[in-house]
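Participant: Take this structure, written in structure tokens, and hold onto it; I'll ask about it next.
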Amino acid sequence: MSTAANPTTIHVLVVEDHEDDFRYLAFLLGRSGTANYHLSWASSYAAGQAMLRQGGFDVGLFDYRLGGGTGLDLLREAHETGCTIPIILLTGHDSAEVDQEASQAGAADYLCKTGLTGTELERTIRYAMRHAAMTTALRQSQQQLELFMRSVPCAVGIRDQQGQLLFQNELFARYFKDGGLLERVGPSSFVEALPYSQGDRHWLVNSFAMVNAEGQRLQGFAAIDISERVRMENELRRTTSLLSSIMRSLPAIAGRLDASGRVVEAQGSGLDRTGLAPENLLGRVFAAQYPPSAMAIAQALQGESANFSLTGKVGAQEWQVEFFVTADSDRAGGAAFFGRDVTERRWLEQRLLTISDAEQQRIGADLHDGLGQQLTGMACLAAALRDRLKKTTPAEAENADLIARLASESVAQSRALARGLCPVQLEKNSLTSALEDLTYQAQLLHGSECRFRAEGAPPQCEHLAAIHLYRITQEAIHNAARHGGAKHILVHLAPKAGQYCLTIKDDGRGFDLNAARAATGSGLRLMSYRANMIGGTFSAESSPERGTQVSVLFTSASAK
């Protein structure tokens, strides 16, 4: 707001062909105490045109008679060229006809110069400028609204109670010109989220009541194009139906776990005979129902992936289900699982492993009873020859002694190999005794310090399960000594949270686990496979120059 100390400057264009009248207007406005009026004088119609093109004015005072034309003509020309300043028409005498004509032409006001006072002129200018500002703001709002209506990604229309369309944006005109929607929704009806289809195009329509400035009741329409959403929903429905059909026919189950390990979703009826049916799992903590899965599920809930196996019996028939569980990318903190029946495959694989182990035992027995006995005989003969040669040819006696010692060392190595291939301790005693003997023989075979430590009561394992655990330990020791260059190897067997944990730890060179899994070697894969065969969980930790640790978590029940 302007003050006397800081008055506003108002630029006024005066189009007046009489200089005296211009000076009179300047005199009236020069006495103002509320604003500074800066007057620019155009003395003719042509001069007025030029100054309007120049611009920079807040208000215009146009005389009605200008010689080459009238102030009304100049007013109309200004509006046609987009001039938005308020223009006040001045005449030398009152005329009702001129007043009406000025109003129709868009003049802000009409004043008679005869008897005009400064207060009246200033008030007229002030009101005209205020009205022009409001009109400009309204016009801008209208333009913005029209721009919004044209750009909004939905079809918008307005009609009166007689059904006549008063407004429609481009989308509405393009898709609803046939009138089908307007016929379906009467002028007095109002709907929310009404589905409306046109072939492959689908809409969600809302109609609502409106009232214009004159109080006329109108009906508005806003239709959102949901064609893409409908297409995606149909595609999802088809995919879901296909997957459901597959899951019903496959011997498998899939689902999701929340952050606490509780089953929140499960599909697949192919494993119902095992008890792994969706209705038996939903709402329950998976690891509480099946403890052998606890470690793998814990790894998955921490953002990793893991495998575990479950075994059981239905009557006299055994079953085995292999699960893969991984972090759920769609549910923060949860996990997704997939289980499949591998009973038949595991039976065949078990037969192959059994045949392989039997062949190893046969070779071990041949080493012990055949080659071992022959090497023992050779060592005895060499020792006897050494003793005879000592009296006659001492030099040859030394060679005979060397042969005897090499033969004795070969006997020890062949026996160690035989005991590894044919673990007699597993046949006669427990897994604990067999592992202790394995570490002792490993020291002889590899030259590394290999120790065994057991805690708690030993696990009760069937012979086949004990062989798998023995072979896992044997493979881990072999890798540590031969490939890792380990100097110290520790085999540890102890109870852990209702289960048993077999750990083989070394101080060797270590390796990159990801690279090892991608390599063609079968060591890690075979150890993991053997662990799965007994329903256990295999894990490996290693990094270059930091040694390696492999673990098998199993239960006596799973080992059986």
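Every letter in the sequence shown is one number past the one before it in UniProt numbering, and letter 90, counting from 1, is 90.
Glycine included, every Cβ here is placed at the ideal spot set by N, Cα and C.
Since this is a predicted model, take the numbers as computed values, not measurements.
Can you give the beta carbon distance from Leu-75 to Ile-87, rounded, assuming they're within the 8 Å contact cut?
Facilitator: Correct: roughly 5 Å between the Cβ atoms.
Participant: State yes or no: is the C-beta of Leu-13 within less than 8 Å of the C-beta of Gly-60?
Facilitator: Cβ distance < 8 Å, so Leu-13 and Gly-60 count as in contact.
Participant: Can you say whether Asp-109 is buried or exposed, counting buried as having 16 or more other CB atoms within 10 angstroms of its CB?
Facilitator: buried
Participant: With DSSP collapsed to three states, give me the class of Ser-558.
Facilitator: At Ser-558 the pLDDT is 47, less than 50, meaning the model places this residue with poor confidence and gives no usable figure here.
Participant: What is the rounded straight-line gap between the Cα of Ser-260 and the Cα of Ala-515?
Facilitator: 32 Å
Participant: Is the region 211-219 close to the region 235-248, with three or more CB pairs under 8 Å?
Facilitator: no
Participant: Does the distance from the C-beta atom of Ala-486 to that of Asp-512 stay below 8 Å?
Facilitator: no
Participant: Helix, strand or coil: which one does DSSP assign to His-492?
Facilitator: Assigned with DSSP and collapsed to three states, His-492 falls in strand.
Participant: Let me check understanding here. Comparing Cα to Cα, which of Ala-266, Phe-176, Gly-283 lies closest to Ala-277?
Facilitator: Ranking the options by Cα distance to Ala-277, first place goes to Ala-266.
Participant: If I'm right that Ser-309 touches Glu-322 with Cβ under 8 Å, what's the distance once you round it to whole angstroms?
Facilitator: Between Glu-322 and Ser-309 the Cβ distance is about 5 Å, and since that is below 8 Å, they are a contact.
Participant: I'd like the list of long-range same chain contacts for Ala-454, defined as Cβ closer than 6 Å, with 5 residues on each side in sequence excluded.
Facilitator: Thr-432, Leu-493
Participant: Mind checking which residues open and close the beta strand (DSSP E) that includes Asp-21?
Facilitator: Note, Asp-21: premise wrong, no beta strand (DSSP E); alpha helix (DSSP H) at 19-30.
Participant: Any contact of the region 192-208 with the region 218-232, i.e. 3+ C-beta pairs under 8 Å?
Facilitator: yes
Participant: Less than 8 Å separating the beta-carbons of Gly-118 and Leu-89?
Facilitator: no
Participant: Looking at C-beta atoms only, is the number of pairs between the region 329-339 and the region 434-453 that lie closer than 8 Å three or more?
Facilitator: no
Participant: Can Pro-544 and Gly-498 be called in contact, C-beta distance under 8 Å?
Facilitator: no
Participant: Take Val-230 as the anchor and find which of Thr-503, Asp-258, Leu-243, Gly-199 has the nearest alpha-carbon.
Facilitator: Gly-199
Participant: Can you tell me where the alpha helix (DSSP H) with Tyr-37 in it begins and where it stops?
Facilitator: From DSSP, Tyr-37 is part of no alpha helix (DSSP H) but of the beta strand (DSSP E) over 35-42.
Participant: Thinking just about the alpha-carbon of each residue, which of Gln-54, Ile-467, Ala-47, Arg-53 is nearest to the one in Asp-63?
Facilitator: Checked all of Gln-54, Ile-467, Ala-47, Arg-53; the closest Cα to Asp-63 is Ala-47.
Participant: May I ask you to report which of helix, strand or coil DSSP gives Lys-391?
Facilitator: helix
Participant: Considering only the beta carbon of each residue, do Ala-481 and Ala-442 sit closer than 8 Å?
Facilitator: Going by C-beta atoms, Ala-481 is nearer than 8 Å to Ala-442.
Participant: Scan the region 284-338 and note each continuous beta strand (DSSP E) run of 3 residues or more that stays entirely inside, going in chain order.
Facilitator: 305-314, 317-327
Participant: Assuming the contact rule is C-beta atoms closer than 8 Å, Leu-66 and Ser-44 should be a hit. Round their C-beta distance to whole Å, please.
Facilitator: 7 Å
Participant: Does Asp-178 pass the burial test, meaning 16 or more other C-beta atoms within 10 Å, or should it be called exposed?
Facilitator: exposed
Participant: State the Cα-Cα distance for the pair Gly-283 and Ile-297, rounded to the nearest angstrom.
Facilitator: 16 Å
Participant: Please name the residue, chosen from Gly-536, Asn-532, Val-491, Ser-556, that lies closest to Gln-549 on a Cα-to-Cα basis.
Facilitator: Val-491
Participant: Using beta-carbon positions only, say whether Phe-538 and Tyr-500 come within less than 8 Å of one another.
Facilitator: no
Participant: Pair every Cβ in the region 148-164 with every Cβ in the region 120-139, then say whether three or more of these pairs are closer than 8 Å.
Facilitator: no
Participant: Taking the beta strand (DSSP E) that Ile-246 falls in, what are its first and last residues?
Facilitator: Not the beta strand (DSSP E): Ile-246 falls in the alpha helix (DSSP H), residues 227-249.
Participant: Tell me whether the beta-carbon of Ala-397 lies closer than 8 Å to the beta-carbon of Met-378.
Facilitator: no
Participant: Leaving out the 5 sequence neighbours to the left and right, which residues in its chain are closer than 8 Å to His-93 when beta-carbon positions are compared?
Facilitator: Excluding sequence positions up to five before and after His-93, its CB lies within less than 8 Å of the CB of Cys-112, Thr-114, all in the same chain and listed in chain order.
Participant: Cα separation between Ala-252 and Thr-503?
Facilitator: 32 Å
Participant: Comparing alpha-carbon positions, which option in Glu-77, Pro-187, Glu-183, Phe-176 lies nearest His-202?
Facilitator: Phe-176
Participant: Going straight from the alpha carbon of Phe-57 to that of His-11, what length do you get?
Facilitator: 5 Å
Participant: Using only alpha-carbon positions, find the residue among Met-210, Arg-546, Cys-154, Ser-197 that is nearest to Leu-166.
Facilitator: Met-210
Participant: Quick one: residues in its chain with C-beta nearer than 6 Å to the C-beta of Val-189, no 5 flanking neighbours on either side, listed in chain order?
Facilitator: Rather than Val, the amino acid found at residue 189 in this sequence is Ser. Cβ neighbours of Ser-189 beyond the five flanking positions: none.
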